[in-house]
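A.B. asks:
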Amino acid sequence: MNRRTFLLTSGISLGLGFPSCSWAESAGDSRLRKWSVQVDGIQRDALISVPKPAWFNPSPVVFVFHGHGGNAHQAALSFDLAREWPQAICVYMQGLNTPGRLTDPEGRQTGWQQSVGEQNDRDLKFFDATLLQLQKEFNVDTKRIYSTGHSNGGAFTYLLWETRPDQFAAFAPSGAATPRAGQLKPKPAIHIAGQSDRLVRFEWQNRTMEVIRKNNGCALQGEEQGSFCLKYPSRSGTPFVAYIHPGGHEFPAQAPALMVRFFKENVLP
């Protein structure tokens, strides 16, 4: 098992404490550091990597959401999007203790709301406040804002798609599904799924993908884009890519490079 996969699938067993401000990891000319905003009187935290040109040149932004029981530190190491896309501002968001639908109903571990109105929409407000502050401090390219996440983080990515579609150029949920796929505005998306996923069952994810392809006006047959990867083109400019690997509820090491390639191909008009 590679390092990325281990970190994503081991969120419950690893320590959940937020990393200290002194922790940082270089990636190209970027530096990972702690970032905080106030939301309804509560401090919300993230880890961000910012390329030096972001203060001057229009820069893409990628929001990353960890799975239930995980944290921003693990997500930064597992996704490592700054390494794949050093020109992008990468934001690894930190969740709060949240009841889970499939595990942890008592809400003893960190996670994200999954529908509008849950937890007083604290996580949607967290996203809004973070994006607003980023736009104040850096030269954010508003035509290149993206969201990704694994498991519960992927479900929250779907919620952002549902509630904030016009702010994003594309989405990349992993190991997640949504019962409201039919309500999503057509947008470019890549979905990562494991055929043997027993937590977020593959049939749930497959149904989500089928509905999205229909909504996006995609071709019925996908075009091979390498191992396990099919691209469904769309005449409306909202393509869908399915990366269906033979594993379970893990985040494959190939996913970050695929996401970045897809993001670079899709920009708001």
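Start counting the sequence shown at 1410; every next residue gets the next number (our numbering).
Just so you know, even glycine gets a beta-carbon here, dropped at the ideal spot from N, CA and C.
This structure is a prediction, so every number in the text was calculated from the model and none was measured.
1. I think Gly1631 touches Thr1647, with their Cβ atoms under 8 Å apart; what is that distance to the nearest whole Å?
2. Checking contacts by CB at 8 Å: is Tyr1567 closer than that to chain C?
3. According to the neighbour-count rule (16 or more other Cβ atoms, all chains shown, within 10 Å of its Cβ), is Val1459 buried or exposed?
4. Three Cβ pairs or more, each shorter than 8 Å: is that satisfied between the region 1587-1595 and the region 1567-1578?
5. Taking 8 Å as the cut-off, decide whether the C-beta atoms of Arg1531 and Gln1523 are in contact.
6. Whole angstroms are fine: how far does the CA of Ala1590 sit from the CA of Val1620?
7. Enumerate, from N- to C-terminal direction, the unbroken alpha helix (DSSP H) stretches of 4 or more residues contained entirely within the region 1442-1530.
8. Kindly list the residues whose CB is nearer than 6 Å to the CB of Pro1678, restricted to its own chain and excluding five residues on each side of it in sequence; keep chain order.
9. Taking Cβ to Cβ, would you say Val1609 is nearer than 8 Å to Ala1579?
10. Under the DSSP definition of a beta bridge, which residues are partnered with Ser1556?
11. Buried or exposed: where does Gly1450 fall if 16 or more other Cβ atoms within 10 Å of its Cβ makes it buried?
12. For Ala1602, I'd like the list of residues in its chain whose CB is within less than 8 Å of its CB, leaving aside the five on either flank, ordered along the chain.
13. Among the residues of its own chain, which have a CB less than 7 Å from the CB of Gly1516, if the five just before and after it don't count?
14. Output the distance between the C-alpha atoms of Glu1659 and Glu1493, rounded to the nearest integer angstrom.
15. Which whole runs of the beta strand (DSSP E) in the region 1623-1653 are 3 residues long or more, in chain order?
16. Sort out for me which residues DSSP pairs Ala1598 with in a bridge.
17. Between the Cα of Val1500 and the Cα atoms of Leu1639, Asn1466 and Val1549, which residue gives the shortest distance?
18. Mind checking which residues open and close the alpha helix (DSSP H) that includes Ala1585?
19. So, at 8 Å on beta carbons, what are the nonlocal neighbours of Gln1452 in its own chain, with the 5 sequence-adjacent residues on each side left out?
20. In terms of DSSP beta bridges, what is Val1676 paired with?
21. Please determine, among Phe1547, Pro1495 and Asp1537, the residue with the shortest C-alpha to C-alpha distance to Ala1463.
22. According to DSSP, is Val1687 helix, strand or coil?
23. With the cut-off set at 8 Å, would you say Gly1563 and His1475 are in Cβ contact?
C.D. replies: Looking at the atomic coordinates:
1. Translated into positions along the sequence shown, residue 1631 becomes position 222. Translated into positions along the sequence shown, residue 1647 becomes position 238. Between Gly1631 and Thr1647 the beta-carbon gap is near 14 Å, outside 8 Å, which marks them as no contact.
2. No chain C is part of this structure, which consists of one protein chain only.
3. The sequence position of residue 1459 within the sequence shown is 50, counting from 1. Around the beta carbon of Val1459, 16 or more other beta carbons lie within 10 angstroms, which makes this residue buried.
4. Taking 8 Å as the limit for Cβ pairs, the verdict is that the region 1567-1578 does touch the region 1587-1595.
5. As a working note, residue 1531 is residue 122 in the sequence shown. As a working note, residue 1523 is residue 114 in the sequence shown. No, Cβ-Cβ distance for Arg1531 and Gln1523 is not below 8 Å.
6. The residue given as residue 1620 occupies position 211 in the sequence shown. The residue given as residue 1590 occupies position 181 in the sequence shown. Looking at the two C-alpha atoms, the distance is approximately 6 Å.
7. Taking only runs of at least 4 residues, the alpha helix (DSSP H) segments lying wholly in the region 1442-1530 are 1481-1488 and 1490-1493.
8. For the purposes of this step, residue 1678 is taken as the residue at position 269 of the sequence shown. None.
9. As a first step, residue 1609 is located in the sequence shown; it is residue number 200 there, counting from the start. As a first step, residue 1579 is located in the sequence shown; it is residue number 170 there, counting from the start. Taking the C-beta atoms as reference points, Ala1579 is found no nearer than 8 Å to Val1609.
10. Numbered from 1 along the sequence shown, position 147 holds the residue referred to as residue 1556. DSSP output for Ser1556 lists Phe1472 and Phe1580 as bridge partner(s).
11. For this step, residue 1450 is matched to residue 41 along the sequence shown. Burial check for Gly1450: the Cβ neighbour count within 10 Å stays below 16, so the residue is exposed.
12. Counting from 1 along the sequence shown, the entry for residue 1602 is found at position 193. Excluding residues within five positions, the ones whose Cβ falls inside 8 Å are Ser1583, Gly1584, Phe1611, Gln1614, Asn1615, Met1618, Ala1651, Tyr1652, Ile1653 and His1654.
13. As a position in the sequence shown, residue 1516 is number 107, starting the count at 1. Within the same chain, Cβ atoms closer than 7 Å to the Cβ of Gly1516 are found at Asn1506, Thr1507 and Pro1508, the five residues on either side in sequence being excluded.
14. Position 250 of the sequence shown, counted from the first residue, corresponds to residue 1659. Position 84 of the sequence shown, counted from the first residue, corresponds to residue 1493. Glu1659 and Glu1493: Cα-Cα distance of roughly 19 Å.
15. As far as the region 1623-1653 is concerned, its whole beta strand (DSSP E) runs of at least 3 residues are 1638-1641.
16. As a position in the sequence shown, residue 1598 is number 189, starting the count at 1. For Ala1598, which the question treats as bridged, DSSP gives the partners Phe1580 and Phe1649.
17. Within the sequence shown, residue 1500 is the residue found at index 91, counting from 1. Per the C-alpha coordinates, the member of Leu1639, Asn1466 and Val1549 positioned closest to Val1500 is Val1549.
18. Along the sequence shown, read from residue 1 onward, the residue named residue 1585 stands at position 176. Careful: Ala1585 lies outside any alpha helix (DSSP H) and carries neither H nor E.
19. Here the question's residue 1452 lines up with position 43 in the sequence shown. Short of 8 Å from the beta carbon of Gln1452, and not among the five residues preceding or following it, lie these beta carbons of its own chain, in chain order: Ser1445 and Val1446.
20. Along the sequence shown, read from residue 1 onward, the residue named residue 1676 stands at position 267. Answer is none; Val1676 lacks a bridge partner.
21. As a working mapping, residue 1463 is identified with position 54 in the sequence shown. Comparing Cα positions, the closest option is Phe1547.
22. Absent from the model: residue 1687. The displayed extent of the chain is 1410 to 1678, so no value can be given.
23. One-based indexing of the sequence shown puts residue 1563 at position 154. One-based indexing of the sequence shown puts residue 1475 at position 66. No, the pair does not count as a contact, with Cβ atoms beyond the cut-off.
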